[in-house]
Amino acid sequence: MASVTIENLTKRFGALEAVKNLNLEVQDGTLACLLGPSGCGKTTTLRMIAGLEKPDEGKILIGDKVVNDLSPVEREIAMVFQFYAIYPGMTVRQNLEFPLRQQKTTKDEIDSRVSKTAEMLRISSLLDKDAMGLTAGEKQRVALGRAYVRSAKVLLLDEPLTNLDARLRATMRVELKRIHEELGQTTIYVTHDQVEAMSMADKIGVMDQGILQQYDSPGQLYDHPKSLFVAGFVGSPTMNFLECDRVEKDGKTFLQFETFALDVSEIREALLGGGKRLVLGVRPHDISVERQGAKQSVKAEVYLVELIGDQRIIDLRLGGQLVRAVVPRTAKATAGQRLEIALDLNRIHVFDKETEKALV
7 MASVTIENLT KRFGALEAVK NLNLEVQDGT LACLLGPSGC GKTTTLRMIA
57 GLEKPDEGKI LIGDKVVNDL SPVEREIAMV FQFYAIYPGM TVRQNLEFPL
107 RQQKTTKDEI DSRVSKTAEM LRISSLLDKD AMGLTAGEKQ RVALGRAYVR
157 SAKVLLLDEP LTNLDARLRA TMRVELKRIH EELGQTTIYV THDQVEAMSM
207 ADKIGVMDQG ILQQYDSPGQ LYDHPKSLFV AGFVGSPTMN FLECDRVEKD
257 GKTFLQFETF ALDVSEIREA LLGGGKRLVL GVRPHDISVE RQGAKQSVKA
307 EVYLVELIGD QRIIDLRLGG QLVRAVVPRT AKATAGQRLE IALDLNRIHV
357 FDKETEKALV
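Following our numbering, the numbering of the sequence shown begins with 7 at its first residue and continues without gaps.
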């Protein structure tokens, strides 16, 4: 196994700068996810690590070796693509054996590694079946098995679950996490699905327009996003954003909104690091409704109520803006009703409107 270090990595396609001065360190044994919307540069980054794309600037190290000029085979990596490639005309066993035969591995070693890999992926009963006749989930396990069987230093996964249905994706997430914990193989996983990233990864790198916005643990990304983009991309339902002004009055600091103001004097020092125009961020789970006597509560009108399993999602009209609150299903609310709502001031986030950087 080995660490992966990226230093000042840049990739251009004509006038498009797909990856911009990227710096990232994935420690040995870590399962790291590159997360972001389509076109953010995550797959291009993965392909450069794999040796399928050549960077215009910067260095890629696997372990302590610079690999920029090495072929994919020389980098000792294994890769699984979004569209899993199964070799036709072969059994599952032959698919798993193929990369080992290419490496001129001994027969005994091939038999041993194929057996262990099949057992780990729970496909031992499929070894002698025609690989092309398998279900989508089984084919994906075979594709993963062909990568695992090589015992490569680094495993690269490019949205490997995208083409599976929701139930299979959930099952495979659990299996991939289990296998990683069993093998401890350095793994870099590309996805646009935050649920995959948050449930599987040790560390997540959130990318937008070729720039790494934040590289942190799932908990840190959720609780302490460093930018407006990360705050809006991580978490479901997405964070509410309300534009406001910082106002000083009678020795106190307020966030002034269209129809109300919040006393935020306790975080005044942090807010002084930004401009007067700010954006308040609050997650739907951190808004309570019908709390009598709540500190700094405000009135809002119910716009829409959705029942989702054991909870309700209430869309509320706050002046000219809509905010969402997630509440227990027992909470009573109907469209048009006026409610008293309160924000958990210990859980709010505040961003500078111009720089989009987090202040709180």
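Every residue gets a Cβ at the ideal spot worked out from N, C-alpha and C, and that includes glycine.
Going by the beta-carbon positions, is the gap between residue i and residue j smaller than 8 Å?
i    : j    : result
I210 : V288 : no
G325 : E264 : yes
Q88  : D164 : yes
F310 : D321 : Note that residue 310 is Leu in the sequence shown here, rather than Phe. Contact flag set, yes.
F357 : L234 : yes
G451 : K359 : Look at the range of the chain in this structure, 7 to 366, and you will see that residue 451 is not part of it.
I116 : L106 : yes
V196 : T49  : yes
V332 : Q317 : yes
L174 : G143 : yes
I83  : A203 : no
I'd like to confirm the pairing. Which residues does DSSP put opposite residue i in its beta bridges?
i    : result
H355 : G287
V10  : V32 and I68
D321 : L310 and R330
V295 : I347
Q220 : V212
L41  : T197 and V212
R18  : E23
E63  : T16
E249 : V285
Can you tell which of the options has its C-alpha closest to the C-alpha of residue i?
i    : options                   : result
L28  : G69, I55 and H198         : I55
P78  : F239, L278 and I66        : I66
M245 : V329, A137 and I217       : V329
T141 : T123, D171 and S157       : D171
V155 : A124, S130 and D70        : A124
G241 : D256, L248 and G225       : G225
L248 : L349, C46 and Q317        : L349
E31  : L351, D208 and Q302       : D208
R199 : G190, P166, E187 and H230 : Inspection of the sequence shows that residue 199 is occupied by Asp rather than by Arg. Comparing Cα-Cα distances from D199 to each of G190, P166, E187 and H230, the minimum goes to P166.
L15  : G45, T36 and R53          : R53
R99  : R119, N74 and V86         : R119
L162 : G35, N352 and R335        : G35
L365 : G45, K232, I68 and F104   : K232
E187 : M206, R175 and N169       : M206
D75  : G64, A267 and L127        : G64
T340 : E362, K363, L351 and E312 : E312
G2   : G69, F19 and D70          : Not covered by the structure: residue 2. The range shown for the chain is 7 to 366.
V304 : I314, E80, V86 and L268   : L268
M138 : I129, G95, N169 and L189  : G95
T361 : N352, D229 and R283       : R283
Could you give the C-beta distance for residue i and residue j, rounded to a whole number, given that I count them as a contact under 8 Å?
i    : j    : result
Q146 : Y90  : 5 Å
V192 : A337 : A small correction: the amino acid at residue 192 is Thr; Val does not occupy that position in the sequence shown. Not confirmed; about 45 Å, so no contact.
V236 : Q220 : 5 Å
I347 : P243 : About 16 Å separates the two Cβ atoms, so there is no contact after all.
E307 : R344 : 6 Å
Indicate whether the contact test is met: 3 or more Cβ pairs, each with one atom in the stretch 48 to 68 and one in the stretch 147 to 156, closer than 8 Å. In the pairwise beta carbon analysis, the stretch 48 to 68 is classified as not touching the stretch 147 to 156: fewer than three pairs are separated by under 8 Å.
Give a yes or no on contact between the stretch 248 to 262 and the stretch 277 to 288, applying the rule of three or more CB pairs nearer than 8 Å. The answer is yes - the stretch 277 to 288 touches the stretch 248 to 262, with three or more Cβ pairs under 8 Å.
Does the stretch 38 to 49 come close enough to the stretch 206 to 226 to have 3 or more Cβ pairs within less than 8 Å? The stretch 38 to 49 vs the stretch 206 to 226: in contact.
Three Cβ pairs or more, each shorter than 8 Å: is that satisfied between the stretch 172 to 189 and the stretch 111 to 120? Contact fails between the stretch 172 to 189 and the stretch 111 to 120, because fewer than three Cβ pairs, one in each stretch, are under 8 Å apart.
Under 8 Å: do the stretch 124 to 136 and the stretch 16 to 24 share three or more Cβ pairs, one atom per stretch? In this structure the stretch 124 to 136 does not touch the stretch 16 to 24; the number of beta carbon pairs closer than 8 Å is below three.
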